[in-house]
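FYI, the numbering for the sequence shown is 3 to 131, going by my numbering. Here a beta-carbon is modelled for each residue, glycine too, at the ideal position from N, C-alpha and C.
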Amino acid sequence: ELYTTGELFGSLINCDLVNTTNLGLALRCVLEALRRPMHKKMFRFGIIALEKFLDRLPAWPQLCHHLTQVEHLAEAYPTYVEYARGILNALPEELQHSTTLKPEVIRTYAMPKAPARVAPPHVVEGASD
(Lines of atoms letter the chains of each structure in order from A; the text may use other names.)
(Lines give C-alpha, C1' and ligand atoms only; values in the text may rest on other atoms or scores of the structure.)
Protein backbone atom coordinates (compact mmCIF):
# COMPACT_ATOMS: atom_id res chain seq x y z
CA GLU A 3 0.00 0.00 0.00
CA LEU A 4 2.91 2.40 0.56
CA TYR A 5 4.02 1.75 -3.02
CA THR A 6 0.73 3.06 -4.38
CA THR A 7 0.71 5.91 -1.88
CA GLY A 8 4.27 6.86 -2.89
CA GLU A 9 3.30 6.87 -6.57
CA LEU A 10 0.24 9.00 -5.89
CA PHE A 11 2.08 11.39 -3.58
CA GLY A 12 4.95 11.86 -6.03
CA SER A 13 2.55 12.27 -8.94
CA LEU A 14 0.64 14.99 -7.12
CA ILE A 15 3.92 16.87 -6.63
CA ASN A 16 5.03 16.22 -10.21
CA CYS A 17 1.74 17.40 -11.73
CA ASP A 18 1.80 20.57 -9.61
CA LEU A 19 -1.39 19.55 -7.81
CA VAL A 20 -0.06 20.47 -4.36
CA ASN A 21 -0.72 24.12 -3.59
CA THR A 22 2.21 26.37 -2.79
CA THR A 23 1.32 26.49 0.89
CA ASN A 24 1.55 22.71 1.26
CA LEU A 25 4.35 22.00 -1.23
CA GLY A 26 7.11 22.54 1.33
CA LEU A 27 5.40 20.12 3.69
CA ALA A 28 4.95 17.54 0.93
CA LEU A 29 8.63 17.75 -0.08
CA ARG A 30 9.65 17.51 3.58
CA CYS A 31 7.57 14.33 3.94
CA VAL A 32 9.49 12.76 1.06
CA LEU A 33 12.82 13.91 2.50
CA GLU A 34 11.97 12.58 5.96
CA ALA A 35 10.99 9.23 4.45
CA LEU A 36 14.35 9.10 2.65
CA ARG A 37 16.14 9.74 5.93
CA ARG A 38 14.68 6.53 7.34
CA PRO A 39 16.82 3.38 7.25
CA MET A 40 16.92 1.74 3.83
CA HIS A 41 15.18 -1.41 4.97
CA LYS A 42 12.12 0.47 6.19
CA LYS A 43 8.94 0.76 4.16
CA MET A 44 8.93 4.53 4.60
CA PHE A 45 12.28 4.75 2.80
CA ARG A 46 10.76 2.87 -0.12
CA PHE A 47 7.80 5.28 -0.07
CA GLY A 48 10.26 8.18 -0.29
CA ILE A 49 12.11 6.67 -3.24
CA ILE A 50 8.91 5.91 -5.14
CA ALA A 51 7.61 9.43 -4.55
CA LEU A 52 10.98 11.00 -5.49
CA GLU A 53 11.11 9.02 -8.73
CA LYS A 54 7.76 10.46 -9.76
CA PHE A 55 9.12 14.01 -9.67
CA LEU A 56 12.83 13.50 -10.46
CA ASP A 57 12.44 15.54 -13.66
CA ARG A 58 11.22 18.50 -11.60
CA LEU A 59 13.98 18.29 -8.99
CA PRO A 60 15.82 21.35 -10.41
CA ALA A 61 12.90 23.46 -9.16
CA TRP A 62 13.90 22.72 -5.55
CA PRO A 63 17.61 23.38 -4.93
CA GLN A 64 17.20 23.26 -1.15
CA LEU A 65 15.74 19.76 -1.44
CA CYS A 66 18.66 18.81 -3.70
CA HIS A 67 21.07 19.98 -1.02
CA HIS A 68 19.30 17.94 1.64
CA LEU A 69 19.30 14.85 -0.59
CA THR A 70 23.09 15.09 -0.94
CA GLN A 71 23.36 14.92 2.85
CA VAL A 72 21.56 11.57 3.23
CA GLU A 73 24.47 9.13 3.29
CA HIS A 74 22.54 5.90 2.89
CA LEU A 75 20.63 7.41 -0.06
CA ALA A 76 23.99 8.00 -1.76
CA GLU A 77 24.92 4.37 -1.10
CA ALA A 78 21.67 2.85 -2.39
CA TYR A 79 20.85 5.35 -5.14
CA PRO A 80 24.10 7.10 -6.13
CA THR A 81 22.70 8.31 -9.46
CA TYR A 82 19.91 10.23 -7.70
CA VAL A 83 22.35 11.93 -5.36
CA GLU A 84 24.76 12.66 -8.23
CA TYR A 85 21.83 14.19 -10.12
CA ALA A 86 20.94 16.41 -7.14
CA ARG A 87 24.60 17.42 -6.83
CA GLY A 88 24.74 18.14 -10.58
CA ILE A 89 21.72 20.42 -10.27
CA LEU A 90 23.42 22.35 -7.48
CA ASN A 91 26.67 22.58 -9.45
CA ALA A 92 24.76 24.01 -12.44
CA LEU A 93 23.39 26.86 -10.33
CA PRO A 94 25.23 29.94 -9.11
CA GLU A 95 25.94 29.87 -5.39
CA GLU A 96 23.26 32.44 -4.58
CA LEU A 97 20.54 30.10 -5.93
CA GLN A 98 21.81 26.83 -4.48
CA HIS A 99 19.77 27.10 -1.28
CA SER A 100 16.60 28.51 -2.81
CA THR A 101 13.44 26.70 -1.79
CA THR A 102 11.88 27.04 -5.25
CA LEU A 103 13.03 28.19 -8.68
CA LYS A 104 10.68 29.23 -11.46
CA PRO A 105 10.91 27.33 -14.78
CA GLU A 106 12.17 30.42 -16.60
CA VAL A 107 15.10 30.63 -14.16
CA ILE A 108 15.88 26.93 -14.48
CA ARG A 109 15.95 27.17 -18.28
CA THR A 110 18.81 29.68 -18.13
CA TYR A 111 21.17 27.03 -16.69
CA ALA A 112 22.49 23.79 -18.18
CA MET A 113 20.81 21.25 -15.94
CA PRO A 114 21.88 17.60 -15.95
CA LYS A 115 19.54 15.03 -17.43
CA ALA A 116 17.42 13.14 -14.89
CA PRO A 117 18.77 9.63 -14.31
CA ALA A 118 16.95 6.46 -15.24
CA ARG A 119 14.82 4.99 -12.47
CA VAL A 120 16.49 2.35 -10.30
CA ALA A 121 14.81 -0.81 -9.01
CA PRO A 122 13.28 -0.26 -5.56
CA PRO A 123 15.18 -1.60 -2.58
CA HIS A 124 14.16 -4.85 -0.99
CA VAL A 125 11.96 -4.30 2.02
CA VAL A 126 12.30 -6.79 4.82
CA GLU A 127 8.96 -8.38 5.63
CA GLY A 128 7.68 -7.23 8.97
CA ALA A 129 9.72 -4.02 8.84
CA SER A 130 7.43 -1.30 10.04
CA ASP A 131 7.58 2.42 10.50
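Exercise for the section: For residue 121, verify whether its CB is less than 8 Å away from any heavy atom of the ligand MN. Expected result: Inclusion of the ligand MN in the displayed structure is not the case, the ligand content being empty and no account of it being possible.
Practice task
Report the three-state DSSP secondary structure of residue 63 (helix, strand or coil).
Solution key: Reading the sequence shown from its first residue, position 61 is the one you call residue 63. Helix.
Problem - Three-state secondary structure assigned by DSSP to residue 117 - result: Here residue 117 corresponds to residue number 115 of the sequence shown, with the count starting at 1. In the structure shown, residue 117 sits in coil (DSSP, three-state: anything other than H, G, I, E or B).
Exercise for the section: Buried or exposed for residue 120, please, with buried defined as at least 16 other CB atoms from any protein chain shown within 10 angstroms of its CB. Expected result: Your numbering for residue 120 matches position 118 in the sequence shown. When all chains shown are included, residue 120 counts as exposed.
Problem - Buried or exposed (CB count within 10 angstroms, at least 16 for buried), residue 30 - result: As a working mapping, residue 30 is identified with position 28 in the sequence shown. Per the 10 Å Cβ criterion, exposed.
Problem - Residue of 47, 10, 60 minimising C-alpha distance to residue 115 - result: In the sequence shown, the residue the question calls residue 115 occupies position 113. Looking at the Cα atoms, 60 is the closest of the given residues.
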